[in-house]
Each structure stands twice: as C-alpha cells, then as structure tokens.
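Quick notes on the structure that follows.
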Amino acid sequence: SQTIHQWPATLVQPVGSPLSLECTVEGTSNPNLYWYRQAAGRGLQLLFYSVGIGQISSEVPQNLSASRPQDRQFILSSKKLLLSDSGFYLCAWNTGGFWNTEAFFGQGTRLTVV
Amino acid sequence: QKEVEQNSGPLSVPEGAIASLNCTYSDRGSQSFFWYRQYSGKSPELIMSIYSNGDKEDGRFTAQLNKASQYVSLLIRDSQPSDSATYLCAVRSGYSTLTFGKGTMLLVSP
Chain A
22 SQTIHQWPAT LVQPVGSPLS LECTVEGTSN PNLYWYRQAA GRGLQLLFYS VGIGQISSEV
82 PQNLSASRPQ DRQFILSSKK LLLSDSGFYL CAWNTGGFWN TEAFFGQGTR LTVV
Chain B
282 QKEVEQNSGP LSVPEGAIAS LNCTYSDRGS QSFFWYRQYS GKSPELIMSI YSNGDKEDGR
342 FTAQLNKASQ YVSLLIRDSQ PSDSATYLCA VRSGYSTLTF GKGTMLLVSP
C-alpha cells in the first residue's frame, strides 16, 4: 500500500531564517506531488505541484520554492521566512492520469514564524 | 478562476440526525468530485469520491452529484459526535489540480 511521510510535524522558526520541509511517498511510482498551505481559518491553497522529477509548477508568487530531486521526494524551501509564511503545510500525492484520482495527504507540518 | 463554494458553518445537528453538507462549483467542465474530512489540527482524509450524476452511498455517507446544477452534497446519516469536523469539498477537471472549498464545520451534539 502507498504511504506518505512528511516531516517535521511542528516547526517554530524566526523571521528571516531558511526553511526546508520534506515529503516522501512509498509504494507507488511517478506520483503527482503537491504542496498546500492552510492558514488559520482559511482554505487549502495550492502552492506547487509536480508531475515528474524536476518538473515544478507554481500556483502563487511568493518567497517559497519547491524541488523534486527524486521520483517520490518533494521538498518545500524558503531562503528567508516571513511572518505571513506561518500556517499548516500539507504534502499530497495522487497517481497521474486524466481521470480522477483522489489526492492523499501527509500528516502536515505546523509552521510558526516568530 | 475555478471556484468551489461551501457554507463555512458551523452546521449544528443533534446526535442521530442527518447532516447535509453542500458545495457548488463554477467550472462546468469539472468531472471529479471529492469529500474530505479534517479534524482540528489534522490533515484532510478522503471520505467519498463521485464522478457521475446521482447518489453514491458508503456506510453512513451518501454523496450526491448534480452536474447540471453544478452542485455536490454529502449526507451523513445517524450523525455521531465523532463526525464533528470540517468537511472539505474538492473538484477536479481533467488534468487540472484539485480545487478545494474552504470547508464547512460540522458540530454534532450528544
């Protein structure tokens, strides 16, 4: 069966510090991978998605970046965090293809920028 | 701009009642529809998926889809306090990514 791992679970970082969140998927090949952010009281905002190694699409302009160095690894980074980067960051995956498929989420990282 | 609209709630129902959660979407070409449940502080978990007009039942959950009205709903029968959570509606068109609504908070009182 497929599983998705995301770490760390919680993170407190000072403004201006760098960020690296990692996500890996097991049990599948060539998944679509996604980074979402959920700010307090708000909906899920898609930040980045990737359909293959080295292929990253950005949905919103910001000081965050994403990379996919391996088929089942997705990394979210920032060089300098802003207070507004606080939120609940979620990695998700689904199988590629035209029809459906459901997206499955990791456990999330609660980021607080202070 | 694809939009998915949900009433933010909270929707309050007594234990044992039927909870009805609604969602409308703007992209008439949408083909795949999903309901996720999200407990406070946790990540969303998939409850139901529906792709064709009509009803789809899974245990106490029934998803209903009406593409002509661009409307999808989730019914929860015999609601339990453990069903108290935020329910997210998500929609996909073809190769596009999922678009989520902001969610409806459901409160089931004992």
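Line order of the protein sequences matches chains A and B. So the numbering used here is basically just the index in the first sequence, starting at one, shifted up by 21. So the numbering used here is basically just the index in the second sequence, starting at one, shifted up by 281. Backbone N, C-alpha and C define an ideal beta-carbon position, used for all residues, glycine too. Note that the structure is predicted; figures quoted are calculated from it, not measured.
Item to check | For Pro52/A, three-class secondary structure by DSSP | outcome: strand
Item to check | Start and end residues, beta strand (DSSP E) containing Arg131/A | outcome: Thr130 to Val134
Checklist entry - Going by the beta-carbon positions, is the gap between Trp114/A and Val36/A smaller than 9 Å? => result no
Next on the checklist: On the CB-based measure, 16 or more other CB atoms within 10 Å of its CB, does Ile299/B come out buried or exposed?
Outcome noted: exposed
Checklist entry - Among the residues of its own chain, which have a CB less than 8 Å from the CB of Gln312/B, if the five just before and after it don't count? => result Tyr332, Arg373, Ser374 and Gly375
Checklist entry - Taking 9 Å as the CB-CB limit, is Thr49/A close to chain E? => result The structure shown has no chain E; the protein chains it does contain are A and B.
Checklist entry - Exposed or buried, which one is Trp120/A when buried takes at least 16 other CB atoms within 10 Å? => result Unreliable placement is indicated for Trp120/A, whose pLDDT of 48 sits below 50; no coordinate value is reported for it.
Checklist entry - Is there at least one Cβ from chain A nearer than 9 Å to Lys383/B's Cβ? => result yes
Checklist entry - DSSP puts Asp346/B in a beta bridge; with which residues? => result Here residue 346/B turns out to be Leu, not Asp, going by the sequence shown. Answer is Gly335/B and Val353/B.
Checklist entry - Is Leu111/A near Arg58/A, with beta carbons less than 9 Å apart? => result yes
Next on the checklist: Among Val135/A, Ile77/A, Leu40/A and Pro52/A, whose alpha-carbon lies nearest the alpha-carbon of Phe126/A?
Outcome noted: Pro52/A
Item to check | Proximal residues of chain A, C-beta to C-beta of Leu379/B below 7 Å | outcome: Ala124
Next on the checklist: Please report whether the beta-carbon of Lys348/B lies at a distance below 9 Å from any beta-carbon of chain A.
Outcome noted: no
Item to check | Distance between Glu43/A and Ile77/A (C-alpha atoms, nearest Å) | outcome: 15 Å
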